[in-house]
């Protein structure tokens, strides 16, 4: 038989040990911060009914949803002639009609979950969810077809204290990951955008404005202005106001001065003023908690379900242009599934982009790939039997310990320890068995010391 | 818009907080034992190329593989008339030709991984992998379409010490989960079955015998004997020997006596004697390590890639008839992907079945659903601002703490704490703000004590 070529689908990845240990460090950090604030874990299945997902993300996004079929049922209802026809036009047909799809994000499954379990849930419901999602997107640097989202949401409360809490969480996550100096938390409110749409005489164009603003970083402001003119959102009557607004994006002024500016231009918009009031409330609490955020009223966040506060975290270093976390308030996420008027707010952390950023800034500790601390060289059956109880004892003390499975050449065994990043090697040959001592080799320095087993255990535990 | 009905695909599950905490307890326990023995984590993508999976599990199993399509490319190559035809015969067609599939188990992706990364790997390669797998199987009690496997394998070493180690791991996992008294580790060797096949004159029928033996528990020995007679595996010449072998299944004798029995009936089979020697080696080490296993030479394990030791764990309690862990040695798993003659041995733990068993035996600790320890009642803006720094401090000390986001009625807030299983509630109203004390309510006993903040922190930490 010829050997099959090995590969994996484009845009997907294998994770080796070092990557796994580092990824788990990110997940564990995020998870422990979420729990510290009282958020509770849930998980939903990888597969949802296709109908649960379709029509929730936009037309273009729907095309990126992976559809799943199993191999049953449909075939039985076709005539032989139909099967023949299918084979000739559509060789990829599958004899099933069930329509499932892979999770595209964690938000829609969460909305479905809340509605389906509404009688078991006590609101406000504070949940977090850390799971992979799948998108049939064109793979490129930093964009994968399988990637993890870490979502934290509170649903069923319209208190702005939730926004404050989510920003505390965001600040704490990046502080604990050592990324605080490399990240910026940006804050805005969709009502500001609605206010702007109102005062330029385009109250029903908020979506278009948000979508356009979202593309500024990618395309540049020039192209966006052309687009808005073509859509007749910028016209002769309002272009002065828009110039004023856009010009202000460039100025580096304090959050307070930005509030003053907004109060000035939005003085005739009720919704605009409401947005400013919400921002002031949040900024006031964050001041008290000494948490830095940047009020950025050019921030839009494309998704059309946001209705209030929006936030986003960018990493200025490491050449990252895309956000590594983002979210906002939505007033009616569960309405489509039959539970209207439930307000919620949440933020999603992109673990893969955080990983890539931490990698580039070299933030992972040097020993973050180590899983085994102690390695026993295998000299043969007698030594094996002598060592096995010692190894069991070391493991009981919490030391991850390995014994080489064969009495191979010493060099081969040390090479194994070396390439597995094992820091300590215990050598127990006939001399050591006679003397009751163990030769412990430090693989980093090459130094070798004789000690008894109890001292060896204490030594390694103290150096973990 | 009419609300959409909420449901999830048959055979899949949502996991709420209590289930999550318990499941994570199982995963964490298994993971820490694996690491204690020096096994290293890897992960592979949920999607593999369909060709990687097909033809590895058997014809029936191939039908249970979920196939995935994205929404691209194929449509463009069809004429309008072809599209019309497709729509009429096969309304479920998808405009893509790419063929991916969801992981069916962790073993084949592992083999693919080893071959693909062979130049980065140092052999023997000790890896573990804890991930979900998907099977389009008929859902029933204890059988899901999405479920987790926890696999631990060592590949590239034919030392029987690996078998001993995997049994140590198995014993330790169930001991730590509190299941040692409810489980039995069964041990056999495929070479014993080959020996039996040889001495009954059917050396090429080992597979059929293994498949038949696998069904004994489900169908009863009577039906299996009929099946083997129909297949002409049992005939007049060998039925005496087979009766002897099958009769011995019923006797409850020691492992030693079983070895004596096997030595007797397999005295003329070289492969049988080799199997006995391997079993004796393993049993000898397990004796020394005081680990109990049951030699069960009726154990077969259907999968045809096993070539040596096989093991299985059954839970005698909780009405479970299916295995909760199992595995064995395979001599050539990676051959099909172009890396021949690499021997490996591994075991897979079925986390979902372990969960169900622990649930039925009531092995989960009562507080295993608790994630938040301390809840602050919200009395309004002033109290909020007074409490926020205290809450931040409690979290810094590692206490998972919540503040209710609104100054709702006391009863509503306590109900919330109650239904979220939060054990302690801190009450800070104007009296407490004046006195600098906090009223701490034990939600289990109803008892309420006044104390200062530092004492409260120590109190809760000591009771975690």
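Protein chains in written order, with the working numbering: chain A, 266 to 729; chain B, 266 to 729. From the three backbone atoms N, C-alpha and C, an ideal C-beta is built for every residue, glycine too.
Residue 407/A is outside the set of residues whose beta carbon lies under 9 angstroms from a beta carbon in chain B. If you look at residue 669/A, you'll find it isn't in any alpha helix (DSSP H); DSSP assigns it neither H nor E.
DSSP, reduced to helix, strand and coil, places residue 553/B within a helical segment of the structure shown. One finds 354 in chain B with Cβ atoms closer than 7 angstroms to the Cβ of residue 347/A, taken in chain order. Under the 10 Å beta carbon count, residue 574/B is surrounded by 16 or more other beta carbons and is classified as buried. Excluding five sequence positions before and after residue 318/B, the CB atoms of its chain that fall closer than 7 angstroms to its own CB belong to 330, 366, 369, 373, given in chain order.
Every alpha helix (DSSP H) stretch that sits fully inside the stretch 456-506 of chain B and reaches 4 residues is listed by chain position as 471-479, 481-484, 486-495. Only buried fits residue 309/B, as 16 or more other CB atoms lie within 10 angstroms of its CB.
A straight-line Cα-Cα distance of about 8 angstroms links residue 570/B and residue 597/B. Nearest to residue 417/B by alpha-carbon distance, out of 437/B, 391/B, 399/B, is 391/B. At least 9 angstroms separates the CB of residue 709/B from every CB of chain A. Exclusion of the five residues before and after residue 279/B leaves 273 as the residues of its chain whose Cβ lies within less than 8 angstroms of its Cβ. In the DSSP secondary-structure assignment, residue 353/A is not bridged to any residue. Considering only beta carbons, the part of the stretch 684-714 of chain A lying closer than 9 angstroms to chain B consists of 684, 685, 687, in chain order. In the assembly as shown, residue 613/A is a buried residue. Its beta-carbon has 16 or more other beta-carbons within 10 Å.
Taking one beta carbon from each stretch, the stretch 694-702 of chain B and the stretch 418-434 of chain A have fewer than 3 pairs nearer than 8 angstroms; the two do not touch. Proximity of residue 280/A to chain B, defined by a Cβ-Cβ separation below 9 angstroms, is satisfied.
Around residue 577/B, no beta-carbon contact reaches into chain A at under 8 angstroms, the shortest distance being about 22 angstroms. Listed in chain order, the non-local C-beta contacts of residue 640/B below 6 angstroms within the same chain comprise 667, 682, 687, 690, local neighbours out to five positions each way being set aside. A buried status is given to residue 470/B, since no fewer than 16 other beta-carbon atoms sit within 10 Å of its beta-carbon. Cβ atoms of residue 306/B and residue 285/A come within 8 angstroms of each other, at about 4 angstroms. Note that the stretch 529-537 of chain B touches the stretch 444-463 of chain B; at least 3 beta-carbon pairs, one per stretch, sit closer than 8 angstroms. Collapsing the DSSP output to three states places residue 691/A in a strand. For residue 685/B, the three-state secondary structure derived from DSSP is coil.
Ranked by how close their Cα comes to the Cα of residue 396/A, the residues 325/A, 296/A, 481/A, 472/A have 296/A in first place. At a cut-off of 9 angstroms, the C-beta of residue 595/B has no neighbouring C-beta in chain A. When DSSP states are grouped into helix, strand and coil, residue 374/A belongs to the helix group. Residue 380/A has a beta carbon lying within less than 9 angstroms of a beta carbon in chain B. Residue 574/B is bridged by DSSP to 454/B. Close CB contacts of residue 721/A within its chain, under the 6 angstroms cut and outside five residues either way in sequence, are with 703, 705 (chain order).
Among the CB atoms of chain A, none fall inside 9 angstroms of the CB of residue 454/B.
Around residue 456/A, the same chain offers 536, 539, 540 as residues with beta carbons nearer than 6 angstroms, after the five sequence neighbours per side are excluded. Listed by position along chain B, the residues whose Cβ is nearer than 8 angstroms to that of residue 314/A are 272, 273, 274. Within its own chain, the residues whose Cβ lies closer than 7 angstroms to the Cβ of residue 563/A, once the five positions on either side in sequence are excluded, are 478, 481, 514, listed in chain order. 424/B is the residue among 364/B, 580/B, 424/B whose C-alpha sits nearest the C-alpha of residue 388/B. For residue 418/A, the enclosing beta strand (DSSP E) covers residues 411-420.
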